[in-house]
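Student: These protein sequence lines are chains W and S, in that order.
FYI, this note's numbering numbers position 45 of the first sequence as 45, with every residue one higher than the one before it.
FYI, this note's numbering numbers position 83 of the second sequence as 1083, with every residue one higher than the one before it.
Backbone N, C-alpha and C define an ideal beta-carbon position, used for all residues, glycine too.
The structure presented is a predicted model; accordingly, all values stated were derived computationally and were not measured.
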Amino acid sequence: MTPKQRKLAYELITNPPPGSDIAAAKEYGIDLTLLVENLDLTVAQRLRKLYSVATFLEKIRQGNGAGQ
Amino acid sequence: MIPKAEKFLTILNRAEVEYVVIGGVAMVAHGSARATFDLGACYNRSKQNIEKLCRALEPLHPRLRGAPKNLPFRFDAKTVAAGLNFTLATDLGDFDLLGEVAGLGFYDAVYKSSVLKRVEKISCRVLSLDGLYKAKIAAGRDKDIEALKEIKGLKDLKEHLGMNELCHENGLLFSHDRQVTCANSAQKVFQLHARICLGVTIFHNNGSLQRQAPLRARGMRHRA
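#1: Is Ile60 (chain W) close to chain S, meaning its C-beta is less than 7 Å from at least one C-beta of that chain?
#2: Once you ignore the five residues that flank Phe1073 (chain S) on each side, which residues in its own chain have a CB closer than 8 Å to its CB?
#3: What are the complete beta strand (DSSP E) segments, minimum 3 residues, inside the region 1087–1150 of chain S?
#4: Counting C-beta neighbours from all protein chains within 10 Å, is the total for Asn15 (chain W) 16 or more, i.e. buried, or is it exposed?
#5: In the structure shown, what three-state DSSP assignment does Ala1015 (chain S) receive?
#6: Mind checking Glu27 (chain W): buried by the 16 CB within 10 Å criterion, or exposed?
#7: Return the CA-CA distance between Ile1137 (chain S) and Lys1155 (chain S), expressed in angstroms with no decimal places.
#8: Please confirm if Lys1004 (chain S) has its CB atom under 7 Å from at least one CB of chain W.
#9: Based on Cα-Cα distance, which residue from S:Lys1052, S:Ala1056, S:Asn1044, S:Thr1036 lies nearest to Ser52 (chain W)?
#10: How many angstroms separate the CA atom of Glu1018 (chain S) from the CA atom of Ala1077 (chain S)?
#11: Kindly list, in the order they appear in chain S, the residues whose Cβ is closer than 9 Å to that of Tyr28 (chain W).
#12: Give the secondary structure of Ala1041 (chain S) by DSSP, where H, G and I count as helix, E and B as strand, and everything else as coil.
#13: Give a yes or no on whether the minimum CB-CB distance between Asp1094 (chain S) and chain W is below 7 Å.
#14: Between the Cα of Leu1012 (chain S) and those of S:Leu1060, S:Asp1144, S:Glu1150, spot the shortest distance and give me the residue it belongs to.
#15: What is the rounded straight-line gap between the Cα of Leu1148 (chain S) and the Cα of Lys1121 (chain S)?
#16: Using a Cβ-Cβ cut-off of less than 8 Å, list which residues of the region 1048–1064 of chain S approach chain W; keep chain order.
#17: So the candidates are S:Asp1142, S:Leu1132, S:Glu1159, S:Lys1143; which of them puts its Cα closest to the Cα of Ile1151 (chain S)?
#18: Does DSSP classify Asp31 (chain W) as helix, strand or coil?
#19: Label Asn1049 (chain S) either buried or exposed according to how many other C-beta atoms from any shown protein chain fall within 10 Å of its C-beta, with 16 as the threshold for buried.
#20: Taking C-beta pairs closer than 8 Å, name the residues in chain S that Asn38 (chain W) reaches, listed in chain order.
#21: Quick check on Arg1065 (chain S): does DSSP put it in helix, strand or coil?
#22: Taking beta-carbon pairs under 7 Å, can you tell me which members of the region 1117–1138 of chain S lie near chain W?
#23: Can you give the Cα-Cα distance for Thr1181 (chain S) and Gly1103 (chain S), rounded to whole angstroms?
#24: Should Leu57 (chain W) be labelled buried (16 or more other beta-carbon atoms within 10 Å of its own) or exposed?
#25: Touch check for the region 1095–1110 of chain S and the region 1014–1031 of chain S: three-plus C-beta pairs under 8 Å?
#26: Using 10 angstroms around the beta-carbon of Glu1159 (chain S), count the other beta-carbons present and answer buried if the total reaches 16, otherwise exposed.
#27: With DSSP as the reference, please indicate the residues paired to Val1021 (chain S) in a beta bridge.
#28: So, for Asp40 (chain W): in the same chain, excluding its five sequence neighbours on each side, which residues have a beta-carbon less than 8 Å away from its beta-carbon?
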């Protein structure tokens, strides 16, 4: 993402065009800042981030299981 | 447990397996912020591809996820040919193998709805946002309502930012998000490619080329 695109992205998620799908997603409660953050990453970086998050969640899940 | 996608995809690519990444990992590849715990792929059910797939996965000891340990299961070409969709656990993590994707159909239809993504040193086909939307609608699960909102929001955001994907393959240029086939001859593809590089895009969807304004931050809008 170029600096210009990043600036536009933050403008769009702060004040989405009325009636747009961005506005609908924001209204529904989708965290658009996370989407912009991900768009700033390469596909490989997005997948590594997913792996890291999923591994962490899995550890918590296993920890909860052990605690019960 | 989610497999390391790059490692898994490298194994499939090395074996020249024909597949399209689908589901949560495909969403993440497009920029979604959702977490998922398995890698999903739709595979070509040709005999040759099934054999390649089985050979590629054999070292990972694929087994049926959630099935009793004493349930006899052998992951081989015969089993895959006799079945369709498999939820597998492997040594690298969970892997959903689908012969058919609800809302889209079999591999050929899924392939047409896919885009080529570069994951560092490897390339793989990933279901497009439009394809994911159709699949989620067809699945009709309550948990997908949020995903539908996210897909539409993400798509709109990418369009506004001019991040639509064009895929150049087999002498054809596709805009998968728009489901438009852009050219049908090498010459037209060359013209199209040149014009895109020069900041002008042309969509060709009915035998004629259409000129559009130079690419701007607003994105590449298709004029019907």
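Tutor: In terms of the structure at hand:
#1: Along the first sequence, one-based indexing puts residue 60 (chain W) at 60. No, no contact with chain S.
#2: Stepping through the second sequence from its first residue, residue 1073 (chain S) is reached at position 73. Taken in chain order, the residues that qualify are Arg1063, Leu1064, Ala1067, Thr1079.
#3: 1093–1098, 1114–1119, 1122–1127
#4: For the purposes of this step, residue 15 (chain W) is identified with residue 15 of the first sequence, where counting begins at 1. Asn15 (chain W) should be labelled exposed.
#5: For this step, residue 1015 (chain S) is matched to residue 15 along the second sequence. It is coil, neither helix nor strand.
#6: Translated into positions along the first sequence, residue 27 (chain W) becomes position 27. Exposed, by the Cβ-count rule.
#7: As a first step, residue 1137 (chain S) is located in the second sequence; it is residue number 137 there, counting from the start. As a first step, residue 1155 (chain S) is located in the second sequence; it is residue number 155 there, counting from the start. Approximately 16 Å, taken between the alpha carbons.
#8: On the second sequence, residue 1004 (chain S) is found 4 positions in, with the first residue counted as 1. Judged by the 7 Å Cβ criterion, Lys1004 (chain S) is in contact with chain W.
#9: What you label residue 52 (chain W) is simply residue 52 of the first sequence in a count that begins at 1. Of the listed residues, the one whose Cα sits closest to Ser52 (chain W) is S:Thr1036.
#10: Translated into the one-based positions of the second sequence, residue 1018 (chain S) becomes position 18. Translated into the one-based positions of the second sequence, residue 1077 (chain S) becomes position 77. One C-alpha to the other measures close to 15 Å.
#11: The sequence position of residue 28 (chain W) within the first sequence is 28, counting from 1. The answer, in chain order, is Ile1145, Glu1146, Lys1149, Glu1150, Gly1153.
#12: The residue labelled residue 1041 (chain S) in the question sits at position 41 within the second sequence. Correct three-state label for Ala1041 (chain S): strand.
#13: Here residue 1094 (chain S) refers to the residue found at position 94 when the second sequence is read from its first residue. With its beta carbon at least 7 Å from every one in chain W, Asp1094 (chain S) lies outside the interface.
#14: Looking up residue 1012 (chain S) in the second sequence gives position 12. The candidate whose alpha carbon is nearest that of Leu1012 (chain S) is S:Leu1060.
#15: Mapped onto the second sequence, residue 1148 (chain S) falls at position 148. Mapped onto the second sequence, residue 1121 (chain S) falls at position 121. For Leu1148 (chain S) and Lys1121 (chain S), the distance between alpha carbons rounds to 31 Å.
#16: Going along the region 1048–1064 of chain S in chain order, one finds no residue with a Cβ nearer than 8 Å to chain W.
#17: Position 151 of the second sequence, counted from the first residue, corresponds to residue 1151 (chain S). The shortest C-alpha separation from Ile1151 (chain S) is found at S:Leu1132.
#18: In the first sequence, the residue the question calls residue 31 (chain W) occupies position 31. The answer is coil: DSSP assigns Asp31 (chain W) none of H, G, I, E or B.
#19: Translated into positions along the second sequence, residue 1049 (chain S) becomes position 49. That one is buried.
#20: Here the question's residue 38 (chain W) lines up with position 38 in the first sequence. Neighbours of Asn38 (chain W) on chain S, chain order: Val1028, Gly1031, Ser1032, Ala1033.
#21: Here residue 1065 (chain S) is taken as the residue at index 65 of the second sequence, counted from 1. Reduced to three states, the DSSP call for Arg1065 (chain S) is coil.
#22: Within the region 1117–1138 of chain S, the residues whose Cβ lies closer than 7 Å to some Cβ of chain W are Lys1117, Arg1118, Val1119, Glu1120, listed in chain order.
#23: Against the second sequence, residue 1181 (chain S) aligns to sequence position 181. Against the second sequence, residue 1103 (chain S) aligns to sequence position 103. The predicted model places Thr1181 (chain S) with a pLDDT of 38, which falls under 50 and marks its position as unreliable, so this point remains unresolved.
#24: Translated into positions along the first sequence, residue 57 (chain W) becomes position 57. The residue in question, Leu57 (chain W), is exposed, as its Cβ has fewer than 16 Cβ neighbours within 10 Å.
#25: yes
#26: If you number the second sequence from 1, residue 1159 (chain S) lands on position 159. It counts as buried.
#27: Taking the second sequence and counting its residues from 1, the one referred to as residue 1021 (chain S) is at position 21. Partner(s): S:Ala1041, S:Val1126.
#28: For the purposes of this step, residue 40 (chain W) is taken as the residue at position 40 of the first sequence. Closer than 8 Å at the Cβ level, and outside the excluded window around Asp40 (chain W), lie Met1, Arg6.
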